[in-house]
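Enquirer:
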Amino acid sequence: MFDVIIIGAGFAGSVLAERFATQKDKKVLILERRQHIGGNCFDERDENGILIHKYGPHLFHTDYEDVWKYLSQFTNWDVYHHHVQAMIDGQIVPLPFNLNTLQKLFPPRLADKLEAALLNRYDYNTKVPILKLKQSTDKDLRYLADYVYEKIFLHYTEKQWGLSPENIEGAVTARVPVFVGRDDRYFNDRFQAVPSKGYTALFKKMLNHKNIKLMLNTNFNDIMKIDGDKILFFDQPFEGKIIYTGQLDELFDEKFGALPYRSLDMKFETVNIENYQSASTVNYPNNYDFTRITEFKKIHHTNSKSTTILKEYPQNYVRGKNTPYYPIFTEDNQKRYEQYATEVNKIQNLIAVGRLAEYRYYDMDDIVKRALDVFGEIQ
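Using my numbering, you'd call the opening residue of the sequence shown number 1011 and step up by one each time.
1) Just tell me which of 1325, 1078, 1013 and 1056 has its CA closest to the CA of residue 1382.
2) How about the stretch 1257-1268 and the stretch 1288-1300: do they share at least three Cβ pairs that are nearer than 8 Å?
3) What's the call for residue 1237, buried or exposed, on a 16-neighbour Cβ count within 10 Å?
4) Could you work out which residue in 1050, 1203 and 1029 is closest to residue 1372 when comparing CA atoms only?
5) For residue 1038, tell me which candidate among 1063, 1141, 1252 and 1191 has the shortest Cα-Cα distance.
6) Ordered along the chain, which non-local residues of its own chain (more than five positions away) have a Cβ less than 6 Å from that of residue 1028?
7) Quick one: complete alpha helix (DSSP H) runs, 4+ long, within the stretch 1236-1312?
8) Do you know offhand how far residue 1127's Cα is from residue 1162's?
9) When the Cα of residue 1226 is compared with those of 1043, 1014 and 1136, which residue comes out closest?
10) In chain order, what residues of the same chain have a beta carbon less than 6 Å from the beta carbon of residue 1062, not counting five sequence neighbours either side?
11) How about residue 1196 and residue 1261: are their beta carbons less than 8 Å apart?
12) Can residue 1391 and residue 1089 be called in contact, C-beta distance under 8 Å?
13) By DSSP, does residue 1113 sit in helix, in strand, or in coil?
14) Compute the beta-carbon to beta-carbon distance between residue 1392 and residue 1140, rounded to the nearest angstrom, for a pair I have assumed lies under 8 Å.
15) Going by CA-CA distance only, name the one from 1248, 1110 and 1315 that's closest to residue 1285.
16) Provide the residue span of the alpha helix (DSSP H) that contains residue 1170, from first to last.
17) Quick check: the stretch 1335-1355 against the stretch 1262-1280, are there 3 or more CB pairs under 8 Å?
18) Pull up the distance between the alpha-carbon of residue 1171 and that of residue 1045, whole angstroms please.
19) For residue 1011, report the span of its alpha helix (DSSP H) as first-last.
20) So what does residue 1015 bridge to, in DSSP terms?
21) Leaving out five residues on either side along the sequence, give the residues of the same chain with a beta carbon under 7 Å from the beta carbon of residue 1072.
22) Which one of 1293, 1347 and 1158 has the shortest CA to CA distance from residue 1323?
23) Can you tell me whether residue 1068 is buried or exposed? The criterion is at least 16 other CB atoms within 10 Å of its CB, across all chains shown.
24) Taking only the alpha-carbon atoms, compute the straight-line gap between residue 1194 and residue 1092 and give it to the nearest angstrom.
25) Tell me, please, which residues DSSP counts as bridged to residue 1067.
26) Can you look up residue 1195 in the DSSP assignment and give me helix, strand or coil?
27) Spatial neighbours of residue 1165 within its chain, please: CB distance less than 7 Å, with the 5 preceding and 5 following residues excluded, ordered by chain position.
28) Hey, residue 1378 and residue 1081 are a contact pair by Cβ (cut 8 Å); roughly how many whole angstroms apart?
29) How long is the line joining the alpha carbons of residue 1344 and residue 1190, rounded to whole angstroms?
30) Which of the three DSSP states is assigned to residue 1126 in this structure?
31) Please report the distance separating the alpha-carbon of residue 1320 from that of residue 1206.
32) Going by the CB atoms, is the gap between residue 1032 and residue 1311 shorter than 8 Å?
33) Mind checking which residues open and close the beta strand (DSSP E) that includes residue 1088?
34) Quick one: Cα of residue 1095 to Cα of residue 1160, how far?
35) Between the Cα of residue 1036 and the Cα atoms of 1011, 1022 and 1017, which residue gives the shortest distance?
36) Mind pulling the beta strand (DSSP E) runs of 3 or more residues that sit fully within the stretch 1331-1387?
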């Protein structure tokens, strides 16, 4: 009945399903354990008529023109430039930490001195990872680095990951730079927007094809199982392509132990005022259990007398209890993942794609790019 079976209806699985169905005329079955498509990008309107992102804010940005053109087949876009602020010492200041932030937090003469030190050492409009800045031989830059590290980076990272920054791979810490410039936008990509009717509408259009069948509320192991170097579908060997976008440790019954993730407790609130905060997202690095508050009216503009906010409380992932959001990047965890990746390679028709399946962090554009590239590599 099917040429391809895809486990997971997020971006990785949905892009590959659309490509197989439209470009190769393959019959595709998508298995999705949740009751909705779109993975963590799923959005819907709440009781206030506000479009909310159920799994935290998702803001599309990319420099990949091919990714932009591909997704534009399935949605119109509302131009949207994301702005993030942070509560630091009782002040709301822009993030990433930049020259505007510097001028807000320090007395004028000191701010000018620190700004001059940054511009003397780094090119304008460049990003410097905070841990790199801490290694500076310039005493003014070290002073600034220690301040930013303590006030913005350290406690936020400890809350988010449950680890100190030094115990996390540099790819994670590099995502929180000091920006040597005055552009207050959180992203600097060429294309920045949100789907005009939301991500769920985008996914619906992407998967609306006669060759694609979708089964929601269905776990992989309800109808499939691994048997040596083969995968059985309803107890019969399946010879077509199998795209797996879920957790590899779960696929292989944790034979090498569990791969740890961080999760989030999402607390949505209706507030009976028209506007709650001055930016879409405000980070709270210190003094609060939550890491940030997002106000969705500022992402998808809605006429409403009330507003909807989301507070995110980081927590450990517990299978069956919450959602795995972020792989925890340590040397030991990577070695364990590689053991599972070796098992994938033993099954000839199995391809693991995506944030969970590859145990790495992907932005939305990166995972679309990855899925398109994987499709191009498949014979």
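Built from N, CA and C at the ideal position, the CB exists for glycine as well.
Expert: Short version:
1) Here residue 1382 refers to the residue found at position 372 of the sequence shown. Of the listed residues, the one whose Cα sits closest to residue 1382 is 1078.
2) no
3) Your numbering for residue 1237 matches position 227 in the sequence shown. Label assigned to residue 1237: exposed.
4) On the sequence shown, residue 1372 is found 362 positions in, with the first residue counted as 1. Among 1050, 1203 and 1029, the Cα nearest to that of residue 1372 is on 1050.
5) Counting from 1 along the sequence shown, the entry for residue 1038 is found at position 28. Checking every option, the nearest Cα to that of residue 1038 belongs to 1252.
6) Counted from its first residue, the sequence shown places residue 1028 at position 18. Correct list, in chain order: 1216.
7) 1258-1261
8) Here residue 1127 refers to the residue found at position 117 of the sequence shown. Here residue 1162 refers to the residue found at position 152 of the sequence shown. The straight-line gap from Cα to Cα measures roughly 20 Å.
9) Position 216 of the sequence shown, counted from the start, is the residue given in the question as residue 1226. Checking every option, the nearest Cα to that of residue 1226 belongs to 1043.
10) Within the sequence shown, residue 1062 is the residue found at index 52, counting from 1. Once the five neighbours on either side are set aside, the close Cβ partners of residue 1062 are 1056, 1306 and 1318.
11) Translated into positions along the sequence shown, residue 1196 becomes position 186. Translated into positions along the sequence shown, residue 1261 becomes position 251. No, the Cβ-Cβ distance between residue 1196 and residue 1261 is not below 8 Å.
12) Nothing about residue 1391 can be read from this structure; the chain reaches only from 1011 to 1389.
13) Mapped onto the sequence shown, residue 1113 falls at position 103. It is helical.
14) A question about residue 1392 goes unanswered here, because the residues of the chain that appear run from 1011 up to 1389.
15) Within the sequence shown, numbered from 1, the residue matching residue 1285 stands at position 275. Ranking the options by Cα distance to residue 1285, first place goes to 1315.
16) By one-based count along the sequence shown, residue 1170 stands at place 160. Here the alpha helix (DSSP H) through residue 1170 covers 1165-1171.
17) yes
18) To locate residue 1171, count along the sequence shown from 1; it is residue 161. To locate residue 1045, count along the sequence shown from 1; it is residue 35. Each residue's alpha carbon lies about 28 Å from the other.
19) Translated into positions along the sequence shown, residue 1011 becomes position 1. No alpha helix (DSSP H) holds residue 1011; DSSP gives it neither H nor E.
20) The residue you call residue 1015 lines up with position 5 of the sequence shown. Answer is 1039 and 1252, bridged to residue 1015.
21) Here residue 1072 refers to the residue found at position 62 when the sequence shown is read from its first residue. Cβ within range, chain order: 1078, 1199, 1201 and 1375.
22) Residue mapping note: residue 1323 aligns to position 313 of the sequence shown, counting from 1. Nearest of 1293, 1347 and 1158 to residue 1323, Cα basis: 1293.
23) Within the sequence shown, the letter at position 58 stands for residue 1068. Buried is the call here.
24) Here the question's residue 1194 lines up with position 184 in the sequence shown. Here the question's residue 1092 lines up with position 82 in the sequence shown. Rounded to whole angstroms, residue 1194 to residue 1092 spans 9 Å at the Cα level.
25) Counted from its first residue, the sequence shown places residue 1067 at position 57. DSSP lists no partner for residue 1067.
26) Walking along the sequence shown from the start, residue 1195 turns up at place 185. Correct three-state label for residue 1195: strand.
27) For the purposes of this step, residue 1165 is taken as the residue at position 155 of the sequence shown. Answer for residue 1165: 1295 and 1296, listed in chain order.
28) The sequence position of residue 1378 within the sequence shown is 368, counting from 1. The sequence position of residue 1081 within the sequence shown is 71, counting from 1. Cβ atoms of residue 1378 and residue 1081 come within 8 Å of each other, at about 7 Å.
29) Indexing the sequence shown from 1 puts residue 1344 at position 334. Indexing the sequence shown from 1 puts residue 1190 at position 180. If I take the Cα positions, the gap works out to 33 Å.
30) On the sequence shown, residue 1126 is found 116 positions in, with the first residue counted as 1. In this structure, residue 1126 counts as helix in the three-state DSSP scheme.
31) In the sequence shown, the residue the question calls residue 1320 occupies position 310. In the sequence shown, the residue the question calls residue 1206 occupies position 196. Roughly 21 Å separates the two Cα atoms.
32) Mapped onto the sequence shown, residue 1311 falls at position 301. Mapped onto the sequence shown, residue 1032 falls at position 22. Cβ distance not < 8 Å, so residue 1311 and residue 1032 don't count as in contact.
33) Reading the sequence shown from its first residue, position 78 is the one you call residue 1088. From DSSP, the beta strand (DSSP E) with residue 1088 extends over 1087-1089.
34) Numbered from its first residue, the sequence shown carries residue 1095 at position 85. Numbered from its first residue, the sequence shown carries residue 1160 at position 150. Approximately 17 Å between the Cα atoms of the pair.
35) As a first step, residue 1036 is located in the sequence shown; it is residue number 26 there, counting from the start. For the residues 1011, 1022 and 1017, the minimum Cα distance to residue 1036 belongs to 1011.
36) 1360-1362
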